[in-house]
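Here the numbering used here runs 915 ahead of the position in the sequence shown, where the first position is 1. Notes to accompany the following structure.
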Amino acid sequence: MKKLIAVIGTRPELIKTAPVIRQFSEMGLREKLIIVNTAQHKDLLDPFWGLFGINYDYKLDLMVSGQNLSKLTSRAIIQFQGLLDNLLNDDIVPVGILAQGDTTTVMVSSMVAFYNQIKFLHLEAGLRSGDLQNPFPEEFNRKVASMVTSVHFAPTQLAKENLINEGINTKNILVTGNTVVDALNYITSTENYKHGWNNSELSMKLKNRENIVLITCHRRENFGQNLKNIIEAIKKLADVHHDYCFVWAIHPNPQVKDTLLSAGLAEVGNIILTPPVNYIELLNILSVCRVAISDSGGIQEEAPSFNVPVLVLREKTERPEGVELGVAHLVEADVDKIVNTFNEVILGKPGNRTNPYGDGYSSIKIVDYINQYLF
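Have a look at this one:
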């Protein structure tokens, strides 16, 4: 039996792949899918399956405490190949492997697909920063994946142009928009969106607070001194802007968490430190916040739907559409840039701009194409 294998390993991958999986189900095609959870984000991933009303068929066991990228990659290749072998023994014929983004899970999925001569389909193809070290290792991962991709689902025209500039045939590229907008639209339409938020502890803490600023930081490039610089900038902003409430969602990575918890931020009256927010909490905060400060790619894509400007804690971004539109501002981990850009942004009036990353119908385009292409 012919099957498409959809591989998911991290929270962003699940959020952006879930609309495609849901669309398969809505079109009566779920039996054509095998969903593999690599559990690269083990704890962060689990609550999201139920949130989107989907589930996986197989789960790998990749994560070992203290393993580096090389060990993670080798474990992923061995386990994914073992799963493929078992499927073939059960007379299941994988006709395609689908993965989203730029993680180790994605790179490994593309390599295993290539080694087994299976078509690889790449969601969110064509994003480029132009610097292999920034973001690391994501820029490398997605370039490797693109080399062996059969169908590139590019979120924007600029992403398509990046692929063409690398020699990819235009007939193998489909501009779809980003499925993150589909995911956002789905979640905000559910009863759980407001009910889950109104009953959350974080919602109680933010009640009657105005001028909320959401902060997230998790990328490797910002470990160490960069994170200390960001903390210094937030302290300066909180000291000057007493009428603003700075909400920092702490990533569980010890290199982030330990630094934040030892920095004295909790002693500042208008700074709230909170554990990682779930997706319902994230979207609710974005819906009411004044500014987001983040190194997250997802927040760069989600914030425009709420007309929220983003200070991007990176030197470069593979999502320049937001910068060109004026909804994103590159501030690096530079104290002065963060403080000065924040002060400029809050003086401006929020616009009513269209999200440059999608219209909410990306998953329909993708599944229609896959159904014709593979089955």
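Every residue, glycine too, gets a C-beta built ideally from N, C-alpha and C.
DSSP beta-bridge partners of residue i
i, result
"glutamine 1015", "Leu1038"
"tryptophan 1163", "Ile1130, Leu1188"
"asparagine 1087", "Paired residues: none, contrary to the question."
"serine 1209", "Thr1131, Val1227"
"histidine 1067", "His1037, Ile1088"
"alanine 921", "Ile950, Leu1013"
Cβ separation of residue i and residue j, assumed to be a contact under 8 Å, to the nearest whole Å
i, j, result
"alanine 921", "leucine 1013", "5 Å"
"leucine 1201", "valine 1223", "6 Å"
"asparagine 1003", "alanine 1040", "Sequence check: residue 1003 is leucine here, not asparagine. Incorrect: roughly 27 Å between the Cβ atoms, too far for contact."
"asparagine 1049", "glutamate 1136", "6 Å"
Short Cβ contact (8 Å threshold) for residue i with residue j
i, j, result
"isoleucine 993", "proline 1009", "no"
"glutamate 1236", "proline 1271", "yes"
"threonine 1020", "threonine 925", "yes"
"serine 1115", "alanine 1060", "no"
"lysine 1075", "valine 1095", "no"
"alanine 1098", "alanine 933", "yes"
"threonine 1131", "isoleucine 1214", "yes"
"isoleucine 930", "tyrosine 1194", "yes"
"threonine 1174", "lysine 1150", "no"
"glutamate 1233", "arginine 945", "no"
"serine 1209", "leucine 1228", "yes"
"lysine 1231", "aspartate 1000", "no"
"tyrosine 973", "leucine 998", "yes"
"phenylalanine 995", "histidine 1037", "no"
"glycine 1092", "tyrosine 1288", "no"
"valine 935", "valine 1282", "yes"
"leucine 1245", "valine 1238", "yes"
"lysine 957", "leucine 919", "no"
"proline 1052", "leucine 975", "no"
Rounded separation between residue i and residue j - CA only
i, j, result
"glutamate 928", "aspartate 1154", "37 Å"
"leucine 987", "glycine 1016", "17 Å"
"asparagine 873", "isoleucine 1127", "A query on residue 873 cannot be resolved here, the shown segment of the chain reaching from 916 to 1290 and no further."
"isoleucine 1146", "asparagine 952", "34 Å"
"glutamate 1125", "phenylalanine 1161", "10 Å"
"aspartate 1249", "asparagine 1199", "28 Å"
"proline 1219", "glutamate 1182", "32 Å"
"histidine 1110", "lysine 1122", "15 Å"
"aspartate 1005", "threonine 1269", "47 Å"
"serine 989", "valine 1027", "11 Å"
"tryptophan 1163", "phenylalanine 1138", "16 Å"
"leucine 1226", "valine 1242", "9 Å"
"asparagine 1185", "isoleucine 1165", "16 Å"
"serine 1118", "proline 962", "19 Å"
"leucine 1152", "leucine 959", "30 Å"
"serine 980", "lysine 1086", "43 Å"
Near the ligand FAD: residue i beta-carbon under 7 Å from a heavy atom
i, result
"valine 1192", "For the structure depicted, the ligand FAD is absent and the ligand set is empty, with no information on it obtainable."
Complete alpha helix (DSSP H) runs within the segment 1093-1131 (minimum length 4 residues, chain order): 1094-1103, 1106-1113, 1116-1121
Complete runs of the alpha helix (DSSP H) confined to the segment 942-1026 [at least 4 residues]: 957-966, 984-1004
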